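> Here you go, one structure.
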Amino acid sequence: MANDAPAVSDAPSPHSQSLADPFAPPADSSLWRKNFLLGAATASYQIEGAVNEDGRLPSIWDTFSAIPGKVLAGDTGAVACDHYHRWEADVDMLAGLGFEGYRLSIAWPRVMDTAGVPNRKGLEFYKRLLARLKEKGIATFVTLYHWDLPQHLEDRGGWLNRDTAYRFADYADLMSRELAGSVDGWMTLNEPWCSAYLGYGNGHHAPGLADARYATQAMHHLLLAHGLAMPVLRANDPASQKGVVANIGRGTANSGSAADQRAAHLFEVQHNAWILDPLLEGRYPRDLFELWPGTEPLVLDGDMQTVAAPLDFLGINYYFRTNVASDGAHGFREVPLQGVERTQMGWEVYPDGLRDLLIGFKATYRNLPPIYITENGMASDDKVIDGRVDDMQRISFLKRHLAAVDEAIKAGVEIRGYFLWSLMDNFEWAFGYERRFGVVHVDYATQKRTVKRSAELVSKFLKERKARRE
Ligand code: FCB
C-alpha cells in the first residue's frame, strides 16, 4: 500500500518514555482471552525470492520491478528474504517467538504452468511449509492472491479480462484440493483496493496501468474471482474458515463544513465501501460513480450474487488515516496534518481510526462477519547496533493499535485475532527494501535475521498468555 505523504516524524511521541513493560496489555484487555489469536503475516513475493526456481513462472511484480523507476533503488523480489530456501529456520523463529498463527500467501506462478497444469515442486514447497507449521501448533492462514499474478495472465489482459476470474477459481480449486486439512483459514484476495486502484488506477503498483475505468473493471473481476472461489473452497476443504482481506482507510474531514464532511465520506466510499458493499450487500455504492463519473464496470447478470457469497470471516488490514477536504468539484484532496506522529512511510499513527472504522462497519453492515485483523504494523528505519534493534516506536504502535482492537471488541465487534505486519523486514513493493516493517530485522547482504525489541516484547506477552492458560 502506498501514498505520497511526506516521510516525516515531526512530533514528540509517547514511545520516548521508558516504561517497565512497554508492551503488555492491561489486565482487563480482551487480548488475554484464550480464543483471541495472535499471529504474524508475510506474503510470497515479499519474502520468498527464488523467482526462477523449480518451475516458477514470472509474475507481474517480476516484470514491473525490472522497469527502471518503478521501485525505489531498482529493488526487486528476486532474492528478498530468501525464504524459499530458509523457510525451516524462519518457521523455527516464528514458533520460538511464540506466535500462535501465521498468515502467508501462495505464489500462483509457482504452482501452475501456463496451461493450468499443477507444478508439483511448487506445491511441495507449500505442503512442507504448512506441515511444519502444523507440527509447531501454529494456526495457518493462507492468502491465495497477494498480488503476484502470473505474467502470462496479465499478457491476456490481467484483471481487465473477465477470464482471469475463472482462472483464479481453477487455481483456488487446485490449492484447496491439494492443501485441504492443512489450512485453518483461507483468504481469497489480499487488498483488492490496492490491486485495482494502485495496479490499474494510478500505476503505482504492477501492472502499472492508470485509468479510473480500468480500476473499477479490475475491481469487479477481482471480486468476481473471490466470489467464484468461495464455493470451491467450501466444497474442497469444508473444515476450514474462508474469507477475504480488505485494507480499510479512515478519512477525516479537515473542517466541519458540509463540503469537507462530504469529501471525507467520499474518501471512505472509494476506500472501504467500494469493496465492502459488493461483498456484504451485493451492490456497488452509488456515490462511487459520483466521485468517478463514467467508470461503471461491466457487470453481468448474476455477478453480484456471486460476489456476495457468504463469508466466514472478514480480514481487515489497517495502517493510517487520511485527512481530506473538498477539491471544489465532486471529490476530495488530501490535506496532510501537521504536528502528528508519523512512521517511515509518512503514514500518520492513528489507532482511533481502526476502532472507529470497526465500530462503524458493525453499525453499517447487518451481516458483518467475524473479523480478523490480518495486517497492522509500521515501518521504521531500523538499524542493528551492537546486535540489537531498539524499535521503540513500533512497540508503542502495536500496543496502541491492540488497545484500539480491544475497544472495538468491548463495543461489540466480534474480532477473533490479530496478525502483525510483518514477521520480518521484506520487499515493500514500490518502496523496495528501504522500508522495514518487520519485528525481525533482515540484513539483506547476509540474510541474517535479528529479533527486534518489539518481537522480544510481543513474545514475552505471548508466552505469559500461554503460561496463564496451562
Ligand atoms: C499492505 C500489503 C502488505 C504490506 C503492507 C505494508 O498494503 O498487503 O503486503 O506491503 O501493506
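So for the sequence shown, this note's numbering puts the first residue at 3; every next one is plus one.
Idealized CB from N, CA, C, for every residue including glycine.
Everything numeric in this text was worked out from a predicted model, so none of it was measured.
(1) What's the C-alpha gap between residue 472 and residue 102?
(2) Just to confirm, does residue 439 get its C-beta within under 7 Å of one of the non-hydrogen atoms of the ligand FCB?
(3) Which runs of the beta strand (DSSP E), 3 residues or longer, sit entirely within the segment 25 to 96?
(4) Between which two residues does the alpha helix (DSSP H) harbouring residue 276 extend?
(5) Quick test of your reading: residue 419 and residue 39, contact by CB under 8 Å. State the CB separation rounded to the nearest angstrom.
(6) Classify residue 165 as buried or exposed, calling it buried when 16 or more other Cβ atoms lie within 10 Å of its own Cβ.
(7) Name the DSSP bridge partner or partners of residue 378?
(8) Kindly identify the DSSP beta-bridge partner or partners of residue 420.
(9) Nearest to residue 340 by CA position, among 461, 388 and 348, is which residue?
(10) Going by beta carbon distance, what residues of the same chain come within less than 6 Å of residue 253, once the five residues before and after it are set aside?
(11) Can you tell me whether residue 272 is helix, strand or coil according to DSSP?
(12) Shortest alpha-carbon distance to residue 87 belongs to which of 130, 356 and 384?
(13) Go through its chain and collect everything with a Cβ distance to residue 300's Cβ below 7 Å, but skip five positions before and after it.
(14) Which ranges does the beta strand (DSSP E) cover as unbroken runs of at least 3 residues, wholly within the segment 115 to 147, from first to last along the chain?
(15) What residues in its chain sit with their C-beta under 7 Å from that of residue 369, if we drop five residues either side in the sequence?
(16) What is the DSSP secondary structure of residue 318, reduced to helix, strand or coil?
(17) Hey, how far is the Cα of residue 122 from the Cα of residue 351?
(18) Could you compute how far the alpha carbon of residue 11 sits from the alpha carbon of residue 403?
(19) Measuring only from the beta carbon, is residue 48 closer than 7 Å to any heavy atom that is part of the ligand FCB?
(20) Helix, strand or coil: how does DSSP classify residue 170 here?
(21) Using only alpha-carbon positions, find the residue among 273, 233 and 408 that is nearest to residue 30.
(22) Express the C-alpha separation of residue 109 and residue 183 in angstroms, rounding to a whole number.
(23) Any idea what DSSP makes of residue 294, helix, strand or coil?
(24) Can you list, in chain order, the stretches of the alpha helix (DSSP H) that have 4 or more residues and sit fully within the segment 206 to 271?
(25) Where residue 274 and residue 35 are concerned, what is the direct C-alpha to C-alpha distance, given to the nearest angstrom?
Reading from the atomic positions:
(1) Translated into the one-based positions of the sequence shown, residue 472 becomes position 470. Translated into the one-based positions of the sequence shown, residue 102 becomes position 100. Taking the straight line from one Cα to the other gives about 15 Å.
(2) Counting from 1 along the sequence shown, the entry for residue 439 is found at position 437. Yes, Cβ of residue 439 sits closer than 7 Å to a heavy atom of the ligand FCB.
(3) 39 to 43
(4) As a first step, residue 276 must be located in the sequence shown, where it is residue number 274. Here the alpha helix (DSSP H) through residue 276 covers 276 to 283.
(5) Here residue 419 refers to the residue found at position 417 of the sequence shown. Here residue 39 refers to the residue found at position 37 of the sequence shown. Right, the Cβ-Cβ distance comes to about 3 Å (below 8 Å), so this counts as a contact.
(6) Residue mapping note: residue 165 aligns to position 163 of the sequence shown, counting from 1. The residue is exposed, with fewer than 16 neighbouring Cβ atoms inside 10 Å.
(7) In the sequence shown, counting from the first residue as 1, residue 378 sits at position 376. Its beta-bridge partners do not exist; DSSP assigns none.
(8) Numbered from its first residue, the sequence shown carries residue 420 at position 418. Looking at the DSSP assignment, residue 420 forms a beta bridge with 40 and 375.
(9) In the sequence shown, counting from the first residue as 1, residue 340 sits at position 338. Comparing Cα positions, the closest option is 348.
(10) For the purposes of this step, residue 253 is identified with residue 251 of the sequence shown, where counting begins at 1. Correct list, in chain order: 266, 269, 270, 324 and 326.
(11) For the purposes of this step, residue 272 is taken as the residue at position 270 of the sequence shown. DSSP places residue 272 in helix when its eight states are reduced to three.
(12) The count along the sequence shown starts at 1 and reaches residue 87 at position 85. That would be 130, whose Cα lies nearest to the Cα of residue 87.
(13) The sequence position of residue 300 within the sequence shown is 298, counting from 1. Here the set comprises 219.
(14) 141 to 147
(15) Within the sequence shown, numbered from 1, the residue matching residue 369 stands at position 367. These residues qualify, in order along the chain: 282.
(16) Looking up residue 318 in the sequence shown gives position 316. Reduced to three states, the DSSP call for residue 318 is strand.
(17) One-based indexing of the sequence shown puts residue 122 at position 120. One-based indexing of the sequence shown puts residue 351 at position 349. Taking the straight line joining both Cα atoms gives about 43 Å.
(18) The residue given as residue 11 occupies position 9 in the sequence shown. The residue given as residue 403 occupies position 401 in the sequence shown. Note that residue 11 has pLDDT 40, beneath the 50 cutoff, so the model's placement of it is unreliable and the number below is only indicative. Approximately 18 Å, taken between the alpha carbons.
(19) Within the sequence shown, numbered from 1, the residue matching residue 48 stands at position 46. Yes - the ligand FCB has a heavy atom lying nearer than 7 Å to the Cβ of residue 48.
(20) In the sequence shown, residue 170 corresponds to position 168, counting from 1. Three-state result, residue 170: helix.
(21) In the sequence shown, counting from the first residue as 1, residue 30 sits at position 28. Minimum Cα distance to residue 30 is reached at 408.
(22) By 1-based counting over the sequence shown, the position of residue 183 is 181. By 1-based counting over the sequence shown, the position of residue 109 is 107. When rounded, the distance between both Cα atoms is 19 Å.
(23) Counted from its first residue, the sequence shown places residue 294 at position 292. In this structure, residue 294 counts as coil in the three-state DSSP scheme.
(24) 214 to 238 and 260 to 270
(25) Walking along the sequence shown from the start, residue 274 turns up at place 272. Walking along the sequence shown from the start, residue 35 turns up at place 33. Distance between the alpha carbons of residue 274 and residue 35 is about 29 Å.
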